[in-house]
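Counting from 1, position 23 in the sequence shown corresponds to residue 23 in the numbering used here; the numbering is continuous, with no gaps.
We treat Cβ as the ideally placed atom computed from N, Cα and C, and that holds for glycine.
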Amino acid sequence: MTHTHHDTSTHFIEGISNDLVFLLIGPTIFVTLVIIVLKMFRSSRDIHPRHLELVQEIRQRVLEARGETPEQHPSHRNADDRCPICIDVLKFAVETNCAHIFCCSCIISYWEHGSSMSAMQCPICRQEVRVLLPDFTHEEEISDNVNEQTNKIRLYNRRFSGEPRPMKVNLKMKN
């Protein structure tokens with residue numbers, strides 16, 4: 001009587017051991033996941049396509065007000081010290097509640113040229129911006145322009161932060 005031995009183990013791919021399949025597929029899946037995470041991080045720094053046109057208009061106005069042309073300011077979106085709206089070094093930096101940083105005048109202009117009756121959506125992630133936090137340098141803190149920038153931030157925060165207002169302020173707004 002001949003006794004034949006049948007292999008009872010199953011293979012994902014016939015003729016190739018499961019260990020070899022895992023050895024080849026494991027690193028491929030890992031590299032793919034790393035690439036996806038890196039792309040997600042990179043795309044979170046870009047201006048959302050829905051807001052791109054408005055941001056480009058505001059960027060053009062800011063440059064014209066400075067007497068400069070867009071060619072003098074190439075895009076530097078990945079640099080942490082640059083405003084994603086004007087693509088210039090941050091001036092009177094303001095951080096949003098979603099942790100994106102802009103020049104104070106750029107983000108306020110973005111809000112004023114949108115629907116200034118409601119809180120703006122962040123031009124990068126579209127999250128509703130409820131609070132603007134000043135992140136001024138020491139030189140900016142002692143400059144003549146600091147009060148103007150601070151007042152703009154206070155106005156926005158007073159309207160949209162959700163903090164309770166004193167009764168006196170509510171009465172003034174009704175008159």
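Practice task
Please report how far the alpha carbon of Ser115 lies from the alpha carbon of Glu139, in whole angstroms.
Solution key: Within the sequence shown, the letter at position 115 stands for residue 115. Within the sequence shown, the letter at position 139 stands for residue 139. When rounded, the distance between both Cα atoms is 32 Å.
Exercise for the section: Would you check if the distance between the CB atom of His113 and the CB atom of Leu54 is smaller than 9 Å? Expected result: Taking the first residue of the sequence shown as 1, we reach residue 113 at position 113. Taking the first residue of the sequence shown as 1, we reach residue 54 at position 54. In this structure, Leu54 lies closer than 9 Å to His113 by Cβ.
Handout entry: Range covered by the alpha helix (DSSP H) that runs through Cys106
Key = Here residue 106 corresponds to residue number 106 of the sequence shown, with the count starting at 1. Here the alpha helix (DSSP H) through Cys106 covers Cys104 to Glu112.
Handout entry: Straight-line gap, Cys98 to Pro134 (C-alpha atoms, nearest Å)
Key = One-based indexing of the sequence shown puts residue 98 at position 98. One-based indexing of the sequence shown puts residue 134 at position 134. Here the alpha carbon of Cys98 sits roughly 14 Å from the alpha carbon of Pro134.
Practice task
Report buried or exposed for Met120, applying the criterion of at least 16 other Cβ atoms within 10 angstroms of its Cβ.
Solution key: Translated into the one-based positions of the sequence shown, residue 120 becomes position 120. So Met120 counts as buried.
Exercise for the section: Report the residue from Met117, Val21, Val34 and Ile29 whose alpha carbon sits nearest the alpha carbon of Asn157. Expected result: Here residue 157 refers to the residue found at position 157 of the sequence shown. The option with the nearest alpha carbon to Asn157 is Met117.
Problem - Opposing strand residues paired with Leu132 [DSSP bridges] - result: Residue 132 sits at position 132 when you count from the first residue of the sequence shown. Answer is Thr96.
Problem - For Pro123 and Ile85, believed in contact at Cβ under 8 Å, the rounded distance - result: Position 85 of the sequence shown, counted from the first residue, corresponds to residue 85. Position 123 of the sequence shown, counted from the first residue, corresponds to residue 123. Here Ile85 really is in contact with Pro123; their C-beta atoms are around 7 Å apart, less than 8 Å.
Exercise for the section: Report the three-state DSSP secondary structure of Gln127 (helix, strand or coil). Expected result: Residue mapping note: residue 127 aligns to position 127 of the sequence shown, counting from 1. The answer is coil: DSSP assigns Gln127 none of H, G, I, E or B.
Handout entry: Residue from Asp144, Cys104 and Gly162 with nearest C-alpha to Lys152
Key = Within the sequence shown, numbered from 1, the residue matching residue 152 stands at position 152. Proximity to Lys152 across Asp144, Cys104 and Gly162 peaks at Cys104, based on C-alpha coordinates.
Handout entry: Buried or exposed by the 16-neighbour rule on C-beta atoms within 10 Å, applied to Ser43
Key = Indexing the sequence shown from 1 puts residue 43 at position 43. Bear in mind that the predicted position of Ser43 carries a pLDDT of just 46, short of 50, making it too unreliable to give a figure here.
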